[in-house]
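Take 176 as the starting number for the sequence shown in our numbering and just add one per residue. To keep things clear, I will list the structure first and then write my remarks on it.
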Amino acid sequence: MRPRTAPDYLAGYPPALAAQVRDLIGQDRLAELLLRKYPQAHGVRTDKALYDYVQDIKGGYLRNAGQLSKVAFDSKLQVIQHALGTHTRVSRVQGGKLKAKCEIRVATVFRDMPEAFLRMIVVHELAHIREREHDKAFYQLCCHMEPDYHQLEFDVRAYLCHLDATGHPLWSAAA
Numbered sequence: 176m177r178p179r180t181a182p183d184y185l186a187g188y189p190p191a192l193a194a195q196v197r198d199l200i201g202q203d204r205l206a207e208l209l210l211r212k213y214p215q216a217h218g219v220r221t222d223k224a225l226y227d228y229v230q231d232i233k234g235g236y237l238r239n240a241g242q243l244s245k246v247a248f249d250s251k252l253q254v255i256q257h258a259l260g261t262h263t264r265v266s267r268v269q270g271g272k273l274k275a276k277c278e279i280r281v282a283t284v285f286r287d288m289p290e291a292f293l294r295m296i297v298v299h300e301l302a303h304i305r306e307r308e309h310d311k312a313f314y315q316l317c318c319h320m321e322p323d324y325h326q327l328e329f330d331v332r333a334y335l336c337h338l339d340a341t342g343h344p345l346w347s348a349a350a
């Protein structure tokens with residue numbers, strides 16, 4: 176069995192920017208910058224609270240997008256699929272009707288992050304309800320729901336690099 180390599184969270188960014196993040200981690204300054212910008216973790220702890228949180232955002236921007244059948248934190252996401260969130264659509268025939276289910280799963284690593292990071296991943300997965308591909312329309316929808324989407328995505332990726340390098344989370348449920 177081949178050893179797993181850690182994902183390069185900054186692969187799509189300019190090499191100079193990725194090097195700057197790695198330098199900040201090496202100097203032990205990235206944690207301080209992130210904590211100053213995002214001082215505390217959010218209070219969404221349960222799957223029910225996450226469902227309500229997602230429904231609030233969905234209700235504000237995607238009212239006509241159909242019902243979500245399940246929203247949950249998933250501890251297997253990051254390990255198995257190298258994903259931070261997933262959205263699935265399942266259609267089945269039940270009797271003479273076509274039933275569709277839409278689910279959103281969020282990696283449990285987001286349980287102990289700031290609300291802005293949770294919002295970014297939720298917005299990303301909700302945008303997939305309308306736009307399946309990561310194209311221009313997808314990112315326009317993300318920015319419509321969260322104007323700071325691109326900065327938040329970069330900050331999440333920088334934090335994940337910190338977490339991989341140090342193994343020390345910055346926020347916790349007790350914070």
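Every residue, glycine too, gets a C-beta built ideally from N, C-alpha and C. Note that the coordinates shown come from a computational prediction; the quantities given were computed from them, not determined experimentally.
Using alpha carbons as the reference points, say which of Ser250, Val219, Arg204 lies closest to Lys212.
For Lys212, the closest C-alpha among the options Ser250, Val219, Arg204 is that of Arg204.
Taking only three categories from DSSP, how would you classify Ala291?
When DSSP states are grouped into helix, strand and coil, Ala291 belongs to the helix group.
Return the residue from the list Pro322, Asp249, Glu207 that minimises the CA-CA distance to Val284.
Closest option to Val284, Cα to Cα, is Asp249.
Take the Cβ of Arg332 as the centre, count every other Cβ of all protein chains shown within 10 Å, and call the residue buried at 16 or more, exposed below.
So Arg332 ends up on the buried side.
Could you pull out every residue in the same chain whose Cβ sits closer than 8 Å to the Cβ of Asp227, ignoring the five residues on either side in sequence?
Excluding sequence neighbours, Asp227 sits near nothing in its chain.
How about Leu293 and His343: do their beta carbons lie closer than 9 Å?
Leu293 places its beta carbon 9 Å or farther from that of His343.
Could you tell me if Asp231 is buried or exposed, where buried requires 16 or more neighbouring beta carbons within 10 angstroms of its beta carbon?
The residue in question, Asp231, is exposed, as its Cβ has fewer than 16 Cβ neighbours within 10 Å.
Tell me Leu301's beta-bridge partners as DSSP assigns them.
Partner(s): none; Leu301 has no beta bridge.
Express the C-alpha separation of Gln315 and Ala247 in angstroms, rounding to a whole number.
One C-alpha to the other measures close to 25 Å.
With a Cβ-Cβ cutoff of 9 Å, do Tyr324 and Val298 count as a contact?
Taking a C-beta distance under 9 Å as the contact criterion, Tyr324 and Val298 qualify as a contact pair.
4-residue-minimum alpha helix (DSSP H) runs that sit fully inside the stretch 182-209, ordered along the chain
Along the length of the stretch 182-209, whole alpha helix (DSSP H) runs at least 4 residues long occupy 190-201, reported in chain order.
Under the three-state reduction of DSSP, which class applies to Asp231: helix, strand or coil?
Judged by DSSP in its simplified three-state form, Asp231 adopts helix.
Helix, strand or coil for Val281? Go by DSSP, reduced to three states.
DSSP places Val281 in strand when its eight states are reduced to three.
For my contact list, Leu345 and Ala206 are in at a C-beta cut-off of 8 Å; report their separation, rounded to the angstrom.
Approximately 6 Å separates the beta-carbon atoms of Leu345 and Ala206; this is inside 8 Å, confirming the contact.
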